[in-house]
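Chemist: Residue numbers 1 to 76, in the UniProt record's numbering, belong to the letters of the sequence shown in order.
Where a beta carbon is used, it is the ideal one built from N, C-alpha and C, also for glycine.
Below you will find the structure I want to go over with you.
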Amino acid sequence: MIRTDKYKMIIYPLANVVRLYNMVEDPEEMNDLASDIKYKKVMDRLFKQFQKLQKEVGDPLNVSKNYHSFFTREQS
């Protein structure tokens, strides 16, 4: 999970699911924005921040495949 003041993105690698919430407009996380292509750039930016955080804390889990395949699956 990675969170900014506005967004929260959660990656579930075993389920191959990604969730995105606007924490300002939807603090109760009722509206998942991940399948809306207009948020792809936001999610890509958050994913880069997530990878940086993983590196900083020594987290060896590689979720790149899960993240990228989520979008391939969504467009199929």
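With a threshold of 8 Å on Cβ separation, who are the neighbours of residue 15 within its own chain once the five nearest residues in sequence on each side are excluded?
Modeler: Here residue 15 corresponds to residue number 15 of the sequence shown, with the count starting at 1. Within the same chain, residue 15 has no close Cβ partners at all.
Chemist: Determine whether the beta carbon atoms of residue 22 and residue 6 lie at a separation below 8 Å.
Modeler: As a first step, residue 22 must be located in the sequence shown, where it is residue number 22. As a first step, residue 6 must be located in the sequence shown, where it is residue number 6. Against a cut-off of 8 Å, the Cβ pair of residue 6 and residue 22 comes out as a contact.
Chemist: Give the C-beta separation of residue 17 and residue 70 to the nearest angstrom, bearing in mind that I take them to be a contact with Cβ-Cβ under 8 Å.
Modeler: Residue 17 sits at position 17 when you count from the first residue of the sequence shown. Residue 70 sits at position 70 when you count from the first residue of the sequence shown. Indeed, because the Cβ distance is near 7 Å, the residues count as touching under 8 Å.
Chemist: Counting only the same chain and skipping the five closest in sequence on each side, list residues whose C-beta sits under 8 Å from that of residue 46.
Modeler: Position 46 of the sequence shown, counted from the start, is the residue given in the question as residue 46. Contacts found: 2, 4, 7, 9 and 20.
Chemist: Under the three-state reduction of DSSP, which class applies to residue 42: helix, strand or coil?
Modeler: Translated into the one-based positions of the sequence shown, residue 42 becomes position 42. It is helical.
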